[in-house]
Every structure is written in structure tokens, then in C-alpha cells.
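Have a look at this one:
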């Protein structure tokens, strides 16, 4: 008895069952951890360069017990979310303007392109000079790091709305304001939310930079302080914490996407 | 009687870099009220450009263009357009797409209960007319291409436009679906008394649907000839096999081939078949 041919496991873009997908994902995550554990268990590297997973876990517990881990997570999350929210609140309307009207695009897009190449880190002394060393200065650094990229990506999201959708509205007598409100914005929304998700990730990468500015709390600050005392295990703990929070937020965005745009997810 | 659409000496040139293409060169045309007129021609003959100009979506260089006695100065609610695809709003259900125009200031908005009821009546009637009753709450991406185009037509008809402009609306559909759509749109034309301007590259479609056919030719885009269709208003699929129908189809196809500037070079094809060396 011969079987009908089955698609090869390695066929280009062949489908993969959900079970196999998550199994492979788990392997992908576990292998580097196992390698890390192996390297430290065999004492192939000095503890100062590479602490063991157990050291990191101990340090994390210590951080929670004797230091203010929850407080550090809270203040860092606050800074990231505040800087990112400020960016989003300004970027969405601006991107709608840039993506809708060529003159606005000409006026603002080359300028934004220019500014986004300015290194956010180099703005630290200026931010301290202009804004001071309060909470707002840390939020400002995160804002500088995310805002300009966000505007450009969102303007592109708006430009990607099919012209036929706009023209169908025009030939039904829609005014310009109505087209922006009733066609361009709702049509671009799923892409805008994706951009918000991606830029949230970038905002977290600017956290450590932001907490260079006279901070005395937060995950980024903790990492910087650990660096001073060569507490490699704490650096590891801080990095892993930030990536875990990032992953959780990312999944929350995906959930909101599925809930808000049912037509894109097969109901 | 005044023409529903009146076009005089319309010209339009597209310039991309150094190349200039004259898309429309001195177009004169009158379309009568409740006429079903179809535009055919080789690609680049300007049929879509002319349709878009009537819709107010394309600016012209010179000449005059009026619809319902008013100079066309941009798109307007009196000239609804149906596109080949991507024009439905994917975030709205079928019914919400059809009722979309009710959100606009130019149309009677749903302010009073009477407004809502009147609009619901019409939206329901359109839904039934288009055979979409069972798809009322579906999203467009859950529908087949033919169903999506029915929604697009229903949406365009919702505000009772005087003129319906159709830009190859069935171009992406398979042959069977297209036949069904043909009878449907003829029926809509009869029921709604709309003036329809229909662009297609399919000669059979142009004859079956049109009361008149405008044959256009490229380089420069112009009207080559206008044919009256020798068929009664009530069309049936078997008319496509009638002698008059086939003769007209043959003639128009020959004219398009003549004007397209594309010839099959049989000698060259023969050479391609020769073994090398």
C-alpha cells in the first residue's frame, strides 16, 4: 500500500500544526538557556563574566526582598508608558495629516527623517539643561527615542489605505474631513496599532538610556548601578526582567488587535 | 432634450518624466438620461481616464464636461463610482458598508426615526435586490469576489445617484459569476432608472450591457466609433449567440485589433520554433 505524497516538512512555506509550532518555539527558547546553564555548570567562564541561572534567580529574589524590585519595575514601566503615550498622542494626528496631504508631508517628513537620525543618547545633556533632572526628563528621552520613528511609520500606514476606498467615499459626496474621519483613520487603525506595538518595544530599549539621567530608581538604573559594582548577575536579572515585561506587553497588544479587529482574524 | 452627461472637446495629457501621453484628445459625447453606455477599446485608449473625468476624480486640460446640467468640478454624490476592487470598507459589515453614505453630511443623515426607517427600507431592498440577504452581517473579506462587487454596487446605489460610473467592475470575476452580474446590473438599471457609464475591455460584456457602445482608440485617446446595440431592452443570455450580436462583436474586435498597434508576427513565431544553429 502506498500513501499519497505528503508535503515535506521543509517544503517552502509549508503549513505547520500549532502543536509543532509551539514545540519548536519552546526548543528555540530552552536551548540557549540550557547552553547558558551548561557553560556555567562546567565553569567554562568566570562568574564575573557569566553568572549561572541560579545566581541570577537568587539575585532576583534578593532584589525583591532587600531592595525595591516592585518599585523599580513600576517606575520604569511608568516612564516607558508615559514617554510612549506622549509620542502616540502627538504622532497619530500628525501622521494622519502627513499621510493625507502632500504639502504637510513635504513640510514635515524630510525634517522628521533628519531628526530621527540624531542620537537620542546625545540629547541627555541638553534634556538636563532644558528640562532638568525631574521625572519629565526621563520621559523626554524616551519620547525623543520613539516619537520620530513612530510618526514616519504611522504616516506610511495612512498612505497605505487603498485609493479606491478614498475615491469610493469621494464619489458618495464625502468631504475631506469626513474621509479622514470615516475612511483613512478606521482603515489604517489595525496598522497603526501594530506600529504602536512595535514602538512600545523601542521605548523599552531607551529605558536604560533615559535612566542615565540622574535617576535613583528603575530597572535601567539598577543595571547601571550593578555595572559599577560588577554585579553581573544583577545585570542579567535586569535584562531578563525588561525582556519579560516587553514580551507580556507585546502579547497584550496582540490580544487587543484580535479583539478590536475581528474581520482580520476570521471572527 | 438635454443630455445627462455632456462632453465637449475634452483633452488630457499625462506627463511622466520626459514622456507625454495624450490620454484624451478632443472627446465629444452626449449620454442621455437612463442610458446604459459602455466604453471599450485597446489598453491606453483613455476609457478609464474618461470615466474618472466624469466622476471628477481626474482633472482635464481643456474642454467642458457637465453632468445633470452642472459643470463637473470634482467628485460629487450625484455620480457614484464602482471600482474593480479594494473599495469596500473591510472593517464594516455588508449592511454597514451599504448604509455608509448615511454618515455623510450631504445625505439625509439618520437624525429622526423616520430617516432611519426610510434608509433601512432602502438598504434592505438593495440587500435583497443584490441577493445578499444571508450575508447581511458578514465582513467583506468573508465574501467571494462576486459578492463583494454586489455590495459595492449596493453601496453606490444607496444614496440614489443619478449617474453610476463603473470601472471594469467585473474584470476580476470568473465567467459564470460575470454572467449573473450582467443580468443583475441590467435589472438594476431598469429598476433604479440610473444612467450607467460602464468601462470594460470585454467586448461581449460591452454589447450585452450597453444601449450604445463607445469604441475608443489609443495614441492619442479618442472616440473611434459609436455603435447602437441592436438588442431589445430586456436582455437574455441566449442573445449572445444571435447573428447581430456576433456580427457586432466581430466588427468591434477587428477595430480594436486594428487600433491597438499590436500584431501577431507569424514569421517571427515560426523562426522561434526553428532549431538553433
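Residue numbers (full-length UniProt numbering), protein chains in the order written: chain Z, 1 to 267; chain G, 1 to 277.
Glycine included, C-beta positions come from ideal geometry on N, C-alpha and C.
Can you tell me which of the three DSSP states residue 83(G) falls into? Here residue 83(G) carries a coil assignment [DSSP, helix/strand/coil].
Answer yes or no: do residue 130(G) and residue 171(Z) have a C-beta to C-beta separation smaller than 8 angstroms? Contact: no.
State the DSSP-derived secondary structure class of residue 39(G), mapped to helix, strand or coil. Here DSSP, grouped into helix, strand and coil, assigns residue 39(G) to strand.
Which chain G residues sit within Cβ distance under 7 angstroms of residue 182(Z)? Ordered by position in chain G, the residues that pass the 7 angstroms Cβ test against residue 182(Z) are 103.
Strictly below 8 angstroms CB to CB, what residues from chain G border residue 66(Z)? Going along chain G, no residue has its Cβ under 8 angstroms from residue 66(Z), so there is no contact; the nearest lies around 51 angstroms.
Tell me which residues of the region 93-105 of chain Z have at least one Cβ-Cβ distance to chain G shorter than 8 angstroms, keeping chain order. Nothing from the region 93-105 of chain Z brings a Cβ to less than 8 angstroms from some Cβ of chain G.
Contacting residues, own chain, Cβ-Cβ under 6 angstroms from residue 146(G) (five flanking each side not counted): The answer, listed in chain order, is 173, 177.
Tell me the DSSP bridge mates of residue 227(G)? Checking the DSSP bridge columns, you'll see residue 227(G) partnered with 213(G).
Sequence-distant residues of the same chain with beta carbon closer than 6 angstroms to residue 261(Z), five excluded per side: Hits under 6 angstroms: 190.
Three-state class that DSSP yields for residue 210(Z) in the structure shown: DSSP places residue 210(Z) within a helical segment (H, G or I) once states are collapsed to three.
If we cut at 8 angstroms on Cβ distances, does residue 170(Z) have a partner in chain G? Output row for residue 170(Z): interface = yes.
Residues in the same chain with beta-carbon distance under 8 angstroms from residue 143(G), minus the five sequence neighbours each way, listed in chain order, please. If we look at residue 143(G) and ignore the five residues flanking it on each side, its Cβ neighbours are 94, 135, 151.
For the region 74-100 of chain G, which residues have a CB atom closer than 9 angstroms to at least one CB atom of chain A, in sequence order? Although the question refers to chain A, the structure presented lacks it and instead comprises the protein chains Z and G.
Does any residue of chain G have a CB that is nearer than 8 angstroms to the CB of residue 137(Z)? Residue 137(Z) does not count as touching chain G.
Identify the residues that DSSP records as bridge partners of residue 5(G): which are they? According to DSSP, which records beta bridges pairwise, residue 5(G) is partnered with 31(G), 67(G).
State the Cα-Cα distance for the pair residue 84(G) and residue 157(Z), rounded to the nearest angstrom. Going from the Cα of residue 84(G) to the Cα of residue 157(Z) covers about 23 angstroms.
Counting beta carbon pairs with one atom in the region 193-201 of chain Z and one in the region 131-140 of chain Z, are three or more of them shorter than 8 angstroms? The region 131-140 of chain Z, when compared against the region 193-201 of chain Z, does not touch it at the 8 angstroms Cβ threshold.
Looking at the C-beta of residue 167(Z), does it have a partner C-beta in chain G at a distance below 8 angstroms? So yes, residue 167(Z) belongs to the interface.
The alpha helix (DSSP H) enclosing residue 154(Z), as first and last residue numbers: Per DSSP, residue 154(Z) is one residue of the alpha helix (DSSP H) stretching across 135-159.
Under the three-state DSSP convention, the category residue 26(Z) falls into: Residue 26(Z) falls in the helix class under three-state DSSP.
Based on Cα-Cα distance, which residue from 125(G), 120(G), 55(G) lies nearest to residue 196(G)? Considering only 125(G), 120(G), 55(G), the residue with the shortest C-alpha distance to residue 196(G) is 55(G).
Proximity to residue 349(G) [Cα-Cα], best of 6(G), 211(G), 201(G), 245(G): Residue 349(G) lies beyond the residue range present for chain G, which begins at 1 and ends at 277; the question has no answer from this structure.
Compute the Euclidean distance between the alpha carbons of residue 141(Z) and residue 204(Z), then round it to the nearest angstrom. Their Cα atoms are separated by approximately 11 angstroms.
When you compare only the Cα positions, how much space is there between residue 37(G) and residue 51(G)? Cα to Cα, residue 37(G) sits roughly 11 angstroms from residue 51(G).
Residue 266(G): first and last residue of the uninterrupted beta strand (DSSP E) it sits in: Per DSSP, residue 266(G) belongs to no beta strand (DSSP E); it is in the alpha helix (DSSP H), 266-273.
Smallest Cα separation from residue 53(G): which of 30(G), 32(G), 24(G)? The shortest Cα separation from residue 53(G) among 30(G), 32(G), 24(G) belongs to 24(G).
Mind checking if residue 159(G) is an interface residue toward chain Z, Cβ cutoff 8 angstroms exclusive? Chain Z, which has a Cβ nearer than 8 angstroms to the Cβ of residue 159(G), makes this yes.
Taking Cβ positions, are residue 12(G) and residue 33(G) nearer each other than 8 angstroms? Not in contact: residue 12(G) and residue 33(G) (Cβ atoms no closer than 8 angstroms).
Less than 7 angstroms between the CB of residue 93(Z) and some heavy atom of the ligand ATP, yes or no? Inclusion of the ligand ATP in the displayed structure is not the case, the ligand content being empty and no account of it being possible.
Just to make sure I have the definition right: I need the residues of chain Z whose C-beta is within less than 9 angstroms of the C-beta of residue 107(G). Which are they? The answer, in chain order, is 172, 173.
Can you confirm whether residue 57(G), when its beta carbon is compared against all beta carbons of chain Z, has any partner nearer than 8 angstroms? The C-beta of residue 57(G) comes closer than 8 angstroms to at least one C-beta of chain Z.
Within-8 angstroms CB hit, residue 164(Z) to chain G: Closer than 8 angstroms to the CB of residue 164(Z) there is at least one CB belonging to chain G.
Nearest-angstrom Cα distance between residue 235(Z) and residue 5(Z)? Roughly 52 angstroms separates the two Cα atoms.
Cβ shell of residue 170(G) (< 6 angstroms), same chain only, five flanking positions each side left out: A distance below 6 angstroms between beta-carbons, with the five flanking residues on each side excluded, links residue 170(G) to the following residues of its chain, in chain order: 178, 181.
Is the CB-CB distance between residue 167(Z) and residue 104(G) below 8 angstroms? No, the pair does not count as a contact, with Cβ atoms beyond the cut-off.
Considering only C-alpha positions, which residue in the set 231(Z), 146(Z), 183(Z), 11(Z) is nearest to residue 59(Z)? Considering only 231(Z), 146(Z), 183(Z), 11(Z), the residue with the shortest C-alpha distance to residue 59(Z) is 231(Z).
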